[in-house]
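Novice: Pasting in a structure now, in structure tokens, and then I'll have a few things to ask.
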Amino acid sequence: MTDRTGPGQNAGKNDSPRPEAPPPKGGFLDRDPPANQRLRDPPILALDIGGSKFITGLVSRDGKILRSRRQGWNQTAGGKPLTAEGLLADICSAVRDMLARPGPAPAFLGVTIPGLADPSRGLWVEASFSGIRDLPLVSILEKEFGLSVKIENDVNACALAERKFGCCGGPGYEPVDDFLWITVSNGIGGAIFTGGKIYAGSAGNAGEIGHIIVEEGPNARPCGAGHRGCAEAHASGRGLAKNYLSLGGTWTIGGKEPDAKAIEALARRGDPAAMGAYELEGMYLGRVIGAAVNLLNPAKVIIGGGLSLAYDLFRASLEAALKTHVYQNANPQLRVEPSPLGYNAALLGAAALGLPAA
Ligand SMILES: [Zn+2]
1 MTDRTGPGQN AGKNDSPRPE APPPKGGFLD RDPPANQRLR DPPILALDIG GSKFITGLVS
61 RDGKILRSRR QGWNQTAGGK PLTAEGLLAD ICSAVRDMLA RPGPAPAFLG VTIPGLADPS
121 RGLWVEASFS GIRDLPLVSI LEKEFGLSVK IENDVNACAL AERKFGCCGG PGYEPVDDFL
181 WITVSNGIGG AIFTGGKIYA GSAGNAGEIG HIIVEEGPNA RPCGAGHRGC AEAHASGRGL
241 AKNYLSLGGT WTIGGKEPDA KAIEALARRG DPAAMGAYEL EGMYLGRVIG AAVNLLNPAK
301 VIIGGGLSLA YDLFRASLEA ALKTHVYQNA NPQLRVEPSP LGYNAALLGA AALGLPAA
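The opening position of the sequence shown corresponds to residue 1 in our numbering, with each subsequent residue numbered one higher.
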């Protein structure tokens, strides 16, 4: 993945391995760590918190997922919103289960959270899908389990994972100390890794590239934060589905509302509206990435999140947009690639919180 030839050229690789699917809901994925690792290097307990599910995992210090379990929130059954009490009950129970299993005992718990985090104070500041506000997650979990605990916003954690275990410094890759990570899934988030660390910004919220405007005029859609024409409204999974409909796509696919996966399957069968939606995806992401690259001059831009798994479907239009948006002579170094970490990026990012930076 490192043999790129020019700015925006050959971004990604057609033959890059498709990431592992997440473990089955409620199921365990088990791999025993080598015996010599059990004594010297304790594994790291990792927790990836999402809006509809969470993943608990045991990760070796070189980034191998030894065990993982994906679960839905018990406490939201019946459509109830997730509360801090419900969330804590679920994650404490899952962590207790993981600690009770035979094998090496972890000394550290890394947690990634969706929404705003304040890692220095150990607070989960806010999440759009729940009423959680300023939850002192670090002190609660440290007290409960006697482990050292750190938290980080999930998008920033993905960037840390890419630096530790992925294509910005993982095995077989040159270390990259200036790169941009973009998560493209139900929303769009960004993390700026510069000078060897995450750039947090003055209020800790740098990297909100989902709110860069990519469309103006009558076609600009409103975004959840009150703007119009944001990347999140046009190039997130939901944006992709709207683009598909606007190009004449059908309102249901297999009896369900169209989503990115279903549209991907149609695009691979040559459906014109689905192919057109992915073409627009690349164009919009190219506009966002172009703006960010002109500002930050990163060595790499890594695209993660669910939509990155269909990177080959929007690579051409993304590269075309980059050609017109990036100041090429200032950015001859630029490489754009899909993350090799797939669904595991945030869990590995939680583990990376327990390792020295860079
Ligand atoms: Zn916005």
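Glycine included, every Cβ here is placed at the ideal spot set by N, Cα and C.
Just checking, does the stretch 295-303 make contact with the stretch 162-182 on the three C-beta pairs under 8 Å criterion?
Specialist: The stretch 295-303 vs the stretch 162-182: in contact.
Novice: Could you give the DSSP three-state label for I212: helix, strand or coil?
Specialist: If DSSP states are grouped into helix, strand and coil, I212 belongs with coil.
Novice: Extract the residue ranges of the beta strand (DSSP E) inside the stretch 72-149, only unbroken runs of 3 or more that lie entirely within it.
Specialist: Fully enclosed beta strand (DSSP E) runs of 3 or longer: 108-113, 116-118, 123-126, 133-135.
Novice: Is it buried or exposed, Y327, if we count other Cβ atoms within 10 angstroms and call 16 or more buried?
Specialist: Exposed is the call here.
Novice: Can you tell me whether N219 is buried or exposed? The criterion is at least 16 other CB atoms within 10 Å of its CB, across all chains shown.
Specialist: Burial call: exposed.
Novice: Using the C-alpha atoms, what's the distance from P106 back to L348?
Specialist: The alpha-carbon atoms of L348 and P106 are separated by roughly 15 Å.
Novice: How big is the Cα-Cα spacing for R69 and G305?
Specialist: So the two alpha carbons sit approximately 19 Å from each other.
Novice: Can you find a heavy atom of ligand 1 that lies under 8 Å from the Cβ of H234?
Specialist: No; taking the cut-off as 8 Å, the Cβ of H234 has no heavy atom of ligand 1 nearer than that.
Novice: Cβ atoms of A260 and I253: under 9 Å apart, would you say?
Specialist: No; because the gap between Cβ atoms is not below 9 Å, this pair is not in contact.
Novice: With a 10 Å radius around its C-beta and 16 neighbouring C-beta atoms as the bar for buried, classify C154 as buried or exposed.
Specialist: With the sequence shown as reference, residue 154 is identified as Asp, and Cys is not the correct amino acid for it. Burial call: buried.
Novice: Mapping DSSP to helix, strand and coil, what is E264?
Specialist: Helix.
Novice: Within the continuous beta strand (DSSP E) that includes T250, where are the two ends?
Specialist: Run containing T250: none; DSSP gives neither H nor E here.
Novice: Using the rule of at least 16 other Cβ atoms within 10 Å of the residue's Cβ for burial, across every protein chain shown, is L353 buried or exposed?
Specialist: Buried: at least 16 other Cβ atoms inside 10 Å.
Novice: Could you give the C-beta distance for R335 and G282, rounded to a whole number, given that I count them as a contact under 8 Å?
Specialist: Actually they are not in contact, since the Cβ atoms of R335 and G282 sit about 16 Å apart, beyond 8 Å.
Novice: Would you say A260 faces chain B, with C-beta separation under 9 Å as the test?
Specialist: Absence of chain B from the displayed structure is noted, only one protein chain being present.
Novice: Is N243 helix, strand or coil by DSSP?
Specialist: Here N243 sits in helix by DSSP.
Novice: Closest to L313 by CA distance: which of S52, H211, G276, A330 is it?
Specialist: If we check each option's Cα against that of L313, G276 comes out closest.
Novice: Any heavy atom of ligand 1 closer than 8 Å to the Cβ of A350?
Specialist: Every heavy atom of ligand 1 is 8 Å or more from the Cβ of A350, so no.
Novice: Since A350 is in the beta strand (DSSP E), which residue starts that stretch and which ends it?
Specialist: Careful: A350 lies outside any beta strand (DSSP E), inside the alpha helix (DSSP H) at 345-352.
Novice: When DSSP builds the beta bridges, which residues end up paired with K300?
Specialist: DSSP, once it has assigned bridges, lists F179, R335 as partnering K300.
Novice: How would you call T324, buried or exposed, if buried means at least 16 neighbouring beta carbons within 10 angstroms?
Specialist: Counting Cβ neighbours within 10 Å, T324 comes out exposed, since fewer than 16 surround it.
Novice: Assign E264 to buried or exposed, taking buried as 16 or more other Cβ atoms, counted over all protein chains shown, within 10 Å of its Cβ.
Specialist: Label assigned to E264: buried.
Novice: Quick one: give me the first and last residue of the beta strand (DSSP E) that L307 is part of.
Specialist: Careful: L307 lies outside any beta strand (DSSP E) and carries neither H nor E.
Novice: Flag this pair as yes or no: are the beta carbons of A292 and G196 separated by less than 9 Å?
Specialist: No, these two residues do not count as a Cβ contact at 9 Å.
Novice: Examine ligand 2 and report whether any of its heavy atoms sits within less than 8 Å of the Cβ of G226.
Specialist: Because ligand 2 does not appear in the structure shown, any question about it cannot be addressed here, the ligands present being ligand 1.
Novice: How big is the Cα-Cα spacing for K242 and L147?
Specialist: Roughly 45 Å between the two C-alpha positions.
Novice: Distance, Cα to Cα, V59 vs T250?
Specialist: Going from the Cα of V59 to the Cα of T250 covers about 42 Å.
Novice: Indicate the three-state DSSP secondary structure (helix, strand or coil) for P171 in the structure shown.
Specialist: Three-state DSSP puts P171 in coil, outside helix and strand.
Novice: Determine whether the beta carbon atoms of F193 and C167 lie at a separation below 9 Å.
Specialist: For F193 and C167, no; Cβs fall outside 9 Å.
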